[in-house]
Every structure is written in C-alpha cells, then in structure tokens.
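S.K.: In our numbering, the protein residues as written are 50 to 245. Ideal Cβ positions, reconstructed from N, Cα and C, are used throughout, including at glycine. Just so you know, these numbers come straight off a predicted model, no measurement behind them. Dumping the structure here so I can ask a few things about it.
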C-alpha cells in the first residue's frame, strides 16, 4: 500500500511540473501567436477589399468599415462569420459592399473532412458567393434555384450550409447595425442643427 502512495505522489509531482511548464511556454508564445493571427486577419481584409483602410467597430458583433485609401469614401464592410460544420466550427471572413451584397469571401478556419468539407476553401466554392445578396444565400439542396443560390459541395452539404447560413445571419445583423448607426448619426446631426 505504501508503494502505491509513493508512486502516486511521484506521478502527481510530474503532472504538476508538466502543467507548470506548459503554462509557462503558453505565456511566452501567446503574444506571438496573437500577433501572427492579427497580421493574417489584416492581410485577408486587404485581399477581400484592396486599396482600403479599415476602421474597427467593436461590440457584440465586431466588423470593419472599409474606406478607400485616397478618397476615404466607404467601400463596404468586412466581418467574420462562424457556424458549426460537420467536424467543428467553420469561420469565414467576408467583404460586402454598401448595398450589403457580397464582394468576396474566404474560409479562414475549418476542420472539415479532407477532400469533402475542406473544398469550402477552394475558389470553385467561394467564388459563387460574389455578388450575392442576403436573399440569394440559399443552398440548392434547401430549395435554392440556380444560378441565384449556392451550389452545395458534393458530400459536404453540412459545411456548405454552415458557410452560407453564417454569412446570411451575419449580413442580416450587420445591415441592422449599420442602418441603426446611420439613423442615430442623422438624428444627432438634426438635433445639432436645431440647437444652432
């Protein structure tokens, strides 16, 4: 019995030491990992809406206002949408124009089945979103009528739905937020004019 207690304590000591070492290494590498992820996100935004500067709007739903580098005119919005696919969350970064139509998308994170759901990262899939309105974000297997719908990836309908529905929900929310912000800006300007 005494030997089991001794072995248990030795094992406990190794586990505590290993956990402490992992926590220490994590604390050293986390800032670098965060910095790399931030740079990758910035690069993706620039790919989706080139020649733009981005103003971050934080809140329950964070998004970016894309403004032309030269004229400072609003070109559109960029956001990240996420929904569970077949094997886990599928994150998609999307750019939309001022009319809330999709300019471009990029699946930036997924753990889907190789050769099936991983095809969501391919241009053959992502390019079909270009120019689509929120009303056209319907998968063909859910009643969408080509060419005004999204063609499901063969063998990966769940992944297709995850990308499509996450974009549909996010664009609907973003449209509401932008319109509310515009209304409050107009209201503030009107009040300032009255008080002059």
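1. Note the first and the last residue of the continuous alpha helix (DSSP H) segment covering residue 88.
2. Looking at C-alpha atoms only, which residue of 145, 80, 191 is the closest neighbour of residue 96?
3. Count the other CB atoms within 10 Å of the CB of residue 66; is the residue buried (16 or more) or exposed (fewer)?
4. Enumerate in chain order the residues of its own chain whose CB-to-CB distance from residue 118 is below 8 Å, with the five nearest sequence positions on each side excluded.
5. What does the Cβ neighbour count give for residue 231, buried or exposed, with the cut at 16 atoms within 10 Å?
6. Identify whether residue 166 lies in helix, strand or coil by the three-state DSSP scheme.
7. Residue 86: buried (16+ other C-beta within 10 angstroms of its C-beta) or exposed?
M.R.: Reading off the structure:
1. 51-97
2. 145
3. exposed
4. 100, 101, 102
5. exposed
6. helix
7. exposed
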